[in-house]
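2 protein chains.
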Amino acid sequence: MTTERLVVVGGDAAGMSAASQARREKGPEELEIVAFERGHFSSYSACGIPYWVAGDVGARDELIARTPEEHRARDIDLRMRTEVTEIDVPGRRVRSRDLESGAESWTGWDKLVIATGARPVRPPIPGIDAPGVHGVQTLDDGQALLDRLAATEGRRAVVVGAGYIGVEMAEALLRHGYEVTVVNRGEQPMATLDPDMGRLVREAMTGMGITVVTDTAVTAIRTGDDGAVRAVVTDGAEYPADVVVLGIGVEPETALARAAGLPLGEHGGLLTDLAMRVRGHEDIWAGGDCVEVLDLVSGRERHLPLGTHANKHGQIIGANAGGGYGTFPGVVGTAVSKVCDLEIARTGLREKDARAVGLRYVTAVIESTSRAGYFPGAAVMTVKMTAERRTGRLLGVQIVGREGAAKRVDVAAVALTAGMTVERMTALDLGYAPPFSPVWDPVLVAARKASAAVRAAGA
Amino acid sequence: MTTERLVVVGGDAAGMSAASQARREKGPEELEIVAFERGHFSSYSACGIPYWVAGDVGARDELIARTPEEHRARDIDLRMRTEVTEIDVPGRRVRSRDLESGAESWTGWDKLVIATGARPVRPPIPGIDAPGVHGVQTLDDGQALLDRLAATEGRRAVVVGAGYIGVEMAEALLRHGYEVTVVNRGEQPMATLDPDMGRLVREAMTGMGITVVTDTAVTAIRTGDDGAVRAVVTDGAEYPADVVVLGIGVEPETALARAAGLPLGEHGGLLTDLAMRVRGHEDIWAGGDCVEVLDLVSGRERHLPLGTHANKHGQIIGANAGGGYGTFPGVVGTAVSKVCDLEIARTGLREKDARAVGLRYVTAVIESTSRAGYFPGAAVMTVKMTAERRTGRLLGVQIVGREGAAKRVDVAAVALTAGMTVERMTALDLGYAPPFSPVWDPVLVAARKASAAVRAAGA
Chain A
1 MTTERLVVVG
11 GDAAGMSAAS
21 QARREKGPEE
31 LEIVAFERGH
41 FSSYSACGIP
51 YWVAGDVGAR
61 DELIARTPEE
71 HRARDIDLRM
81 RTEVTEIDVP
91 GRRVRSRDLE
101 SGAESWTGWD
111 KLVIATGARP
121 VRPPIPGIDA
131 PGVHGVQTLD
141 DGQALLDRLA
151 ATEGRRAVVV
161 GAGYIGVEMA
171 EALLRHGYEV
181 TVVNRGEQPM
191 ATLDPDMGRL
201 VREAMTGMGI
211 TVVTDTAVTA
221 IRTGDDGAVR
231 AVVTDGAEYP
241 ADVVVLGIGV
251 EPETALARAA
261 GLPLGEHGGL
271 LTDLAMRVRG
281 HEDIWAGGDC
291 VEVLDLVSGR
301 ERHLPLGTHA
311 NKHGQIIGAN
321 AGGGYGTFPG
331 VVGTAVSKVC
341 DLEIARTGLR
351 EKDARAVGLR
361 YVTAVIESTS
371 RAGYFPGAAV
381 MTVKMTAERR
391 TGRLLGVQIV
401 GREGAAKRVD
411 VAAVALTAGM
421 TVERMTALDL
431 GYAPPFSPVW
441 DPVLVAARKA
451 SAAVRAAGA
Chain B
460 MTTERLVVVG
470 GDAAGMSAAS
480 QARREKGPEE
490 LEIVAFERGH
500 FSSYSACGIP
510 YWVAGDVGAR
520 DELIARTPEE
530 HRARDIDLRM
540 RTEVTEIDVP
550 GRRVRSRDLE
560 SGAESWTGWD
570 KLVIATGARP
580 VRPPIPGIDA
590 PGVHGVQTLD
600 DGQALLDRLA
610 ATEGRRAVVV
620 GAGYIGVEMA
630 EALLRHGYEV
640 TVVNRGEQPM
650 ATLDPDMGRL
660 VREAMTGMGI
670 TVVTDTAVTA
680 IRTGDDGAVR
690 AVVTDGAEYP
700 ADVVVLGIGV
710 EPETALARAA
720 GLPLGEHGGL
730 LTDLAMRVRG
740 HEDIWAGGDC
750 VEVLDLVSGR
760 ERHLPLGTHA
770 NKHGQIIGAN
780 AGGGYGTFPG
790 VVGTAVSKVC
800 DLEIARTGLR
810 EKDARAVGLR
820 YVTAVIESTS
830 RAGYFPGAAV
840 MTVKMTAERR
850 TGRLLGVQIV
860 GREGAAKRVD
870 VAAVALTAGM
880 TVERMTALDL
890 GYAPPFSPVW
900 DPVLVAARKA
910 SAAVRAAGA
């Protein structure tokens, strides 16, 4: 029996899920697995960092799903603090550098998995690298921020960006006792929502005592004599800050892939087929935050960095690379988040996404409650539903509410996957009991209104 | 313009939803609406009664969605305490009796809606009508029970039946400080679950201090010298009781329909078409707890008394009777409930349902958590998934867990409606963030295991 070698570039969710699944498919006598990770940690939950900073999660190590030692115990040769610096596709080898010793070497592969993740956007503005300006992408980032919060007598924090990370970090800093200002380029927080739904988030955040500044670009970080951050500067104002957190988003980390001549999409992510194979390359797979994924609703490729997709990708890559079979059909764009007790959820297309791909649509917005109106704890939620004109096909759902709001979006995620019309959704047999839902679930109420809007719009 | 008359028999969810929707479709100059209700209340939430008894809901009137006066203000001639005693189909008229005066009269109709609901099963055993033996189907029942609990110095309660009402009433009585015993015919509580999942409910109830007696039929209610209940007697034992609550289930209330020669199914419910028209009768509709509904998974008719279906039926009947259009395609059998902090959910077929309609299947049972494992409040839940052999089509899901468990069943309800395979479900794009879900939602974990079981079972 010949032993093949599988090389994995990147030791977080996608890469190590792929390695683990490949190992389940084939034992070490058939498949050698070598994984390279340039950081200090493997298989950790980056999505958990805001909750660790907030204090919900007590210790860093709770965010680590599997340590390097655990991977090695499963016959995966995981080389930490070792950065892959070149992918040689025709030569079927990668060059790597040991970041401690600086030593370089080449490793050959029969099969290759690229899981290089994403890198945070850092706008090239003065002061961006000053002490007190923090990203929250890695465990090291989280630790640095926690150290800063412990060491300084800070009072005022500015969060740059009001996407998922931005709003979650606003909560975390609030819970450290900071006065929090969020500065956002867009017209409302949560640009993944339509502005009318983003406005609800803004109102709720303001109600929590967070200052929300919108339509505003940061032009500089002002520092003091000690070099540390003092304020965030915008075109029109200056916001004093003892600590600044960047939550501006991420881009696919595909410099290696680009240099190797592998196919990238318009968002800079690797392009794969349904089996997560890099297009045109039989023995190279890619997954996680470094790839683009097919949006099943719009039919377009998107960059959608999310741990849940990375884990699915890894599992499918590992199955295929290990000789099994699996596909990743695509996403519908589901995401949930929270700021304190405010729950935020979305799936499918925003209005502008629908317009961008040539769809005509109607929208319906309703208010309902998470439980029967008479049941204690019933909380108001707003549901927005978008449906294609004429066909009535569901295009998207957004929900803003309190307890029990966010995960209701899953119903819409499944309906989108199935290509259901909003008319058909009105008859969905969703769970009803007074502690869990009004007799008409909010999603059904929205479907009824959207269905009426489709009829009213006519052909 | 001729004015037609719509007569509605039964003034609760289905009947009054039908009347209200018909009124939205047509004004009083076109459509006269007369509704008969034999009880004291209209449009109330019977599902809320256990929570009112438990103390979650403070006052009876909170359970009333719309009072008779509110209906009358919308030009619906709702006649309370008036019982329809005969439906004359060829003569297009109903006979009614005013329960206060005893006066009888005939009312003609152009269109008729039958929404007579269900009646509780009361086994013909000695003592069943003794003071202290209570049903909980109507608001009057709930008030009588609350009065009893307030008036007596009771310590021990026995609940007969361990279905939805039975387990909810066990919680309610526990919260009144009673020692609660539940006596159940079946092998486990919650016969709407498979026994292996029912066992989890039993263990949890036992952990709450509830005595659960199974495989046991009640043979008599023993009364004292004052005629009031003293104990519940079974074949092998006697359970002392200061109060007894019956939660044995309900049957369609179709005596009138049967006498009128209307078509009934094998469960005793009226049979309708997709527009909720009684089969073979152009101008008669029926909905709510008195009809049978199509189970979309098994292809068979079932009797499934649930407020959420009754409301949908009413809305569709009203649309059609008012000259609009709507259909009720059927159910997949979704139901959610809770006992204290234990959440219970099911949808689709149990194993025995699948066998009964000739389906071969595989099952998968998994344990996961409601939130990321490291997030505070993450609670264990057990998910059981059943899929057809060979095709892998989803057949059913059952969930038993704590906070965040029950409504996850909705994902499966939509997947069942869409006829999805468990393989396809493994790729569902469900909402993920640490406070809301592990990176693999429990439903996805179950789908992966069920999908593997389908493959392992082969053709």
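Top line first, the protein sequences correspond to chains A and B.
All the letters of the first sequence, read from the start, carry residue numbers 1 to 459 under our numbering.
All the letters of the second sequence, read from the start, carry residue numbers 460 to 918 under our numbering.
Ideal placement from N, C-alpha and C gives every residue a C-beta, glycine not left out.
The model shown is predicted, which means the values in this text are computed figures rather than measured ones.
Within-8 angstroms CB hit, residue i to chain B
i        : result
A/Gly307 : yes
A/Lys449 : no
A/Lys338 : yes
A/Thr334 : yes
A/Leu430 : yes
A/Leu440 : Just to set this straight, residue 440 of chain A is Trp in the shown sequence, not Leu. At least one chain B Cβ lies under 8 angstroms of A/Trp440.
A/Val414 : yes
A/Val57  : yes
Proximity test, residue i beta-carbon vs the ligand SAH heavy atom, cut-off 7 angstroms
i        : result
B/Pro722 : Questions concerning the ligand SAH fall outside what the structure shown contains, since it holds no ligand whatsoever.
Neighbourhood of residue i by C-beta distance below 7 angstroms, restricted to the same chain and skipping five residues each side
i        : result
B/Leu854 : Val756, Gly807, Leu808, Ala813, Leu818, Tyr820, Thr845, Ala846, Glu847
A/Val165 : The sequence as given places Ile at residue 165 of chain A; Val does not occur at that position. Around A/Ile165: Pro50, Val136, Gly247.
B/Gly832 : Pro897
A/Ala54  : Glu171, Ala172, Arg175
B/Ser560 : none
B/Phe500 : Ile523, Leu598
Burial state of residue i, where buried means 16 or more other Cβ atoms lie within 10 Å
i        : result
A/Ala259 : exposed
A/Ser105 : exposed
A/Tyr325 : exposed
A/Thr206 : exposed
B/Ala690 : buried
A/Thr426 : buried
A/Arg148 : buried
B/Val626 : buried
B/Lys771 : buried
A/Val332 : buried
A/Val414 : buried
B/Arg614 : exposed
B/Glu802 : buried
A/Gly108 : exposed
A/Glu253 : buried
Contact with chain A by residue i, beta-carbon distance below 8 angstroms
i        : result
B/Glu521 : yes
B/Lys866 : yes
B/Lys771 : yes
B/Phe500 : no
B/Val553 : no
B/Thr845 : no
B/Val704 : no
B/Tyr637 : no
B/Ala778 : no
B/Met475 : no
Own chain partners of residue i with C-beta closer than 8 angstroms, once the 5 adjacent residues on each side are dropped
i        : result
A/Leu256 : Val9, Val84, Thr85, Glu86, Ile87, Ile114, Thr116
B/Asp694 : Thr675, Ala676, Thr678
Residues of its chain near residue i, where Cβ-Cβ distance is below 6 angstroms and the 5 sequence neighbours each way are ignored
i        : result
A/Arg199 : Gln188
B/Val704 : His593, Val618, Met628
A/Asp98  : Thr82
B/Glu496 : Gly470, Met539
B/Gly766 : Ala472, Cys506
A/Gly322 : Ala22, Glu25, Lys26
B/Asn643 : Ala621, Thr673
A/Gly404 : Ser370
Quick check: the region 281-297 of chain A against the region 362-372 of chain A, are there 3 or more CB pairs under 8 angstroms? Put simply, the region 281-297 of chain A does not touch the region 362-372 of chain A. Fewer than three CB pairs are less than 8 angstroms apart.
Is it true that the region 898-905 of chain B meets the region 852-872 of chain B, where meeting means three or more beta-carbon pairs spaced less than 8 angstroms apart? Yes: the two stretches touch, three or more of their Cβ pairs being nearer than 8 angstroms.
Evaluate the contact criterion for the region 58-77 of chain A versus the region 5-21 of chain A: three or more CB pairs, one atom per stretch, below 8 angstroms. yes
Report yes or no: do the region 273-285 of chain A and the region 314-322 of chain A share at least 3 C-beta pairs separated by less than 8 angstroms? Taking a cut-off of 8 angstroms on C-beta distances, the region 273-285 of chain A touches the region 314-322 of chain A, as three or more cross pairs fall below it.
List in chain order: all unbroken alpha helix (DSSP H) runs of 4+ residues lying wholly within the region 286-364 of chain A. Complete alpha helix (DSSP H) runs here, min 4: 307-321, 351-356.
Within the region 116-162 of chain A, ranges of the beta strand (DSSP E) (whole runs, at least 3 residues): Listed in chain order, they are 118-120, 156-160.
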